[in-house]
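Q:
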Amino acid sequence: MVMIVIGGSSSPKLSAALASELQATLGKTEIKRFPDGEGYVRILDSLEGEEIVLVSNTYPDEKLVETLLLCDATQEFDYESLVLVIPYFGYARQDKKFNDGEPISARAMVRALEIYPDKFLTVDIHANSIIEMFEATEASNVSAAEAIARKLKEIGVDFVLSPDEGRIRTAEKVGKDIRVQSDYLVKKRIDGSTVKIEPKSIDVAGKRVAIVDDIISTGGTIVNASTELKRVGASAVIAACTHGLFAGNALDRLSACCDQVISSDTLENPTTAYSVAPAIARAMK
Ligand code: R5P
Numbered sequence: 535m536v537m538i539v540i541g542g543s544s545s546p547k548l549s550a551a552l553a554s555e556l557q558a559t560l561g562k563t564e565i566k567r568f569p570d571g572e573g574y575v576r577i578l579d580s581l582e583g584e585e586i587v588l589v590s591n592t593y594p595d596e597k598l599v600e601t602l603l604l605c606d607a608t609q610e611f612d613y614e615s616l617v618l619v620i621p622y623f624g625y626a627r628q629d630k631k632f633n634d635g636e637p638i639s640a641r642a643m644v645r646a647l648e649i650y651p652d653k654f655l656t657v658d659i660h661a662n663s664i665i666e667m668f669e670a671t672e673a674s675n676v677s678a679a680e681a682i683a684r685k686l687k688e689i690g691v692d693f694v695l696s697p698d699e700g701r702i703r704t705a706e707k708v709g710k711d712i713r714v715q716s717d718y719l720v721k722k723r724i725d726g727s728t729v730k731i732e733p734k735s736i737d738v739a740g741k742r743v744a745i746v747d748d749i750i751s752t753g754g755t756i757v758n759a760s761t762e763l764k765r766v767g768a769s770a771v772i773a774a775c776t777h778g779l780f781a782g783n784a785l786d787r788l789s790a791c792c793d794q795v796i797s798s799d800t801l802e803n804p805t806t807a808y809s810v811a812p813a814i815a816r817a818m819k
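Just so we're aligned, residue 535 is where the sequence shown starts under the working numbering, counting upward by one.
#1: From what residue to what residue does the alpha helix (DSSP H) around residue 597 run?
#2: By how many angstroms is the C-alpha of residue 612 removed from the C-alpha of residue 783?
#3: To the nearest angstrom, report how far apart residue 770 and residue 758 are at their CA atoms.
#4: Does the beta carbon of residue 697 fall short of 7 Å from some heavy atom of ligand 1?
#5: At what residue ranges does the region 660-704 contain a whole run of the alpha helix (DSSP H), taking only runs of 4 or more?
#6: If we require 4 or more residues per run, which alpha helix (DSSP H) segments fall completely within the region 783-817?
#7: For residue 740, which residues from the same chain have a beta carbon less than 7 Å from its beta carbon, with the 5 sequence-adjacent residues on both sides left out?
#8: Would you check whether ligand 1 has a heavy atom nearer than 7 Å to the C-beta of residue 749?
#9: Straight-line CA distance for residue 572 to residue 599?
#10: Out of curiosity, what's the CA-to-CA distance linking residue 584 and residue 737?
#11: Is it the case that the Cβ atoms of residue 685 and residue 796 are separated by a distance below 8 Å?
#12: If we count the other Cβ atoms within 10 Å of its Cβ and call it buried at 16 or more, is residue 820 buried or exposed?
#13: Confirm the yes/no value for this check: CB of residue 627, any heavy atom of ligand 1, distance under 7 Å.
#14: Could you say which of 793, 731, 712 lies nearest to residue 721 if we only look at CA atoms?
#15: Could you give the DSSP three-state label for residue 571: helix, strand or coil?
#16: Where do the ends of the alpha helix (DSSP H) carrying residue 899 lie?
#17: Is residue 690 near ligand 1, with its Cβ less than 7 Å from a heavy atom?
#18: Measuring alpha carbon to alpha carbon, tell me which residue in 725, 595, 716 is nearest residue 735.
#19: Suppose the cutoff is 7 Å on Cβ atoms and the five residues either side in sequence are ignored; what does the same chain contact list for residue 673 look like?
#20: Classify residue 632: buried if its beta carbon has 16 or more other beta carbons within 10 angstroms, exposed otherwise.
#21: Taking Cβ positions, are residue 643 and residue 587 nearer each other than 8 Å?
#22: Excluding five sequence neighbours on each side, which residues of the same chain lie with their C-beta closer than 6 Å to the C-beta of residue 751?
#23: With respect to 7 Å, is the separation between the Cβ of residue 701 and the closest non-hydrogen atom of ligand 1 below this value?
#24: Please indicate yes or no: does the CB of residue 800 lie closer than 7 Å to some heavy atom of ligand 1?
#25: With a threshold of 7 Å, establish whether the CB of residue 754 neighbours any heavy atom of ligand 1.
#26: Which same chain residues, not among the five before or five after residue 652, have their C-beta less than 8 Å away from its C-beta?
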């Protein structure tokens with residue numbers, strides 16, 4: 535029995551790194567688009583009797599279709615087992631109905647994906663409650679905190695902050711790993727039109743500060759936080775996230791107010807600085 539990693543087109547480096555961590559074969563695929571825009575995938579290796587690890591994203595939407603096609607392609611083989619790794623689980627921020635008539639988008643994704651694998655893994659899912667939505671397969675969430683901590687230790691920071699209280703756990707874990715204090719940012723209303731963002735209890739004046747978040751999308755959260763941290767005297771602000779979506783001109787806006795922006799290889803982009811492959815490999819053992 536051999537283990538084989540099949541990677542979608544959205545995360546080729548992560549797939550290769552994971553194959554190396556697992557001492558598995560990296561399978562070959564053909565992925566292209568028809569002239570009318572529809573996707574086409576083909577797995578070029580035989581998966582008969584194999585332990586398959588399929589690594590594919592559901593973001594942006596076209597990658598969701600690619601993932602479904604790759605999942606379906608595996609069904610044509612008499613394989614041993616299938617682990618589906620979705621490095622960035624899209625639509626996780628709509629994990630409940632906020633207004634009448636809306637879908638629970640995260641649940642729609644779960645239902646579409648859970649029918650294929652024996653085991654499902656994702657990384658730093660936006661809401662842990664989504665993992666509980668899986669009924670047809672075993673599902674787990676992998677933390678990127680250790681990879682982020684290793685990189686921030688190399689860069690050198692004095693404090694690790696989360697953008698709000700709700701996400702303090704990752705900042706705490708990263709801070710603990712690199713032996714620096716962690717805290718979260720709070721919004722303080724000064725008057726009717728002024729809101730200040732400040733760390734809950736630490737003084738960042740003259741300090742190098744990391745802000746750790748699961749997702750950077752428009753960059754708005756980090757731009758606001760970084761601007762305020764600089765205003766109160768932080769000497770450097772490093773923005774670290776797991777999933778770098780960087781919508782529109784987010785990277786330009788972030789570069790203007792952060793000293794460094796780093797992200798993991800769940801979504802490969804110019805800021806990718808650490809790999810979640812070791813953490814995924816550990817979760818598979
Ligand atoms: C929010 O709940 C998330 O953890 C991120 O803080 C958010 O998605 C970041 O979005 P943006 O970059 O658009 O501010």
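Glycine residues also receive a C-beta, built at the ideal position from the N, C-alpha and C atoms.
Owing to the predicted nature of the structure, the values given are computational and were not obtained by experimental measurement.
A: Result, derived from the coordinates:
#1: Along the sequence shown, one-based indexing puts residue 597 at 63. Looking at the DSSP string, the run of the alpha helix (DSSP H) that includes residue 597 is 595-608.
#2: For the purposes of this step, residue 783 is taken as residue 249 along the sequence shown, with counting starting at 1. For the purposes of this step, residue 612 is taken as residue 78 along the sequence shown, with counting starting at 1. Going from the Cα of residue 783 to the Cα of residue 612 covers about 46 Å.
#3: Here residue 770 is taken as the residue at index 236 of the sequence shown, counted from 1. Here residue 758 is taken as the residue at index 224 of the sequence shown, counted from 1. If I take the Cα positions, the gap works out to 15 Å.
#4: Locating residue 697 in the sequence shown gives position 163, counting from the first residue. Answer for residue 697: yes, Cβ within range of ligand 1.
#5: 663-667, 679-689
#6: 784-791
#7: Locating residue 740 in the sequence shown gives position 206, where the first residue counts as 1. Same-chain partners within the cutoff: 767, 769.
#8: Taking the first residue of the sequence shown as 1, we reach residue 749 at position 215. Yes, the beta carbon of residue 749 sits closer than 7 Å to at least one heavy atom of ligand 1.
#9: As a position in the sequence shown, residue 572 is number 38, starting the count at 1. As a position in the sequence shown, residue 599 is number 65, starting the count at 1. Roughly 9 Å separates the two Cα atoms.
#10: Working through the sequence shown from its first residue, we reach residue 584 at position 50. Working through the sequence shown from its first residue, we reach residue 737 at position 203. Taking the straight line joining both Cα atoms gives about 54 Å.
#11: If you number the sequence shown from 1, residue 685 lands on position 151. If you number the sequence shown from 1, residue 796 lands on position 262. Contact: yes.
#12: Outside the shown range of the chain, which is 535 to 819, sits residue 820, and nothing can be said about it.
#13: By 1-based counting over the sequence shown, the position of residue 627 is 93. At least one heavy atom of ligand 1 is nearer than 7 Å to the Cβ of residue 627, so yes.
#14: By 1-based counting over the sequence shown, the position of residue 721 is 187. Nearest option by C-alpha distance: 731.
#15: Walking along the sequence shown from the start, residue 571 turns up at place 37. DSSP places residue 571 in coil when its eight states are reduced to three.
#16: Absent from the model: residue 899. The displayed extent of the chain is 535 to 819, so no value can be given.
#17: As a first step, residue 690 must be located in the sequence shown, where it is residue number 156. No, ligand 1 has no heavy atom inside 7 Å of this Cβ.
#18: As a position in the sequence shown, residue 735 is number 201, starting the count at 1. Ranking the options by Cα distance to residue 735, first place goes to 716.
#19: Taking the sequence shown and counting its residues from 1, the one referred to as residue 673 is at position 139. The residues are 654, 665.
#20: Start at 1 with the first residue of the sequence shown, and residue 632 comes out as number 98. Exposed: under 16 other Cβ atoms inside 10 Å.
#21: Working through the sequence shown from its first residue, we reach residue 643 at position 109. Working through the sequence shown from its first residue, we reach residue 587 at position 53. Contact: no.
#22: Taking the sequence shown and counting its residues from 1, the one referred to as residue 751 is at position 217. Once the five neighbours on either side are set aside, the close Cβ partners of residue 751 are 779, 781.
#23: Locating residue 701 in the sequence shown gives position 167, where the first residue counts as 1. Checking the Cβ of residue 701 against ligand 1 gives yes.
#24: Mapped onto the sequence shown, residue 800 falls at position 266. Because no heavy atom of ligand 1 lies under 7 Å away, the Cβ of residue 800 does not count as near it: no.
#25: Counted from its first residue, the sequence shown places residue 754 at position 220. Correct: residue 754 has its Cβ closer than 7 Å to ligand 1.
#26: The sequence position of residue 652 within the sequence shown is 118, counting from 1. Hits under 8 Å: 615, 616, 617, 671, 672.
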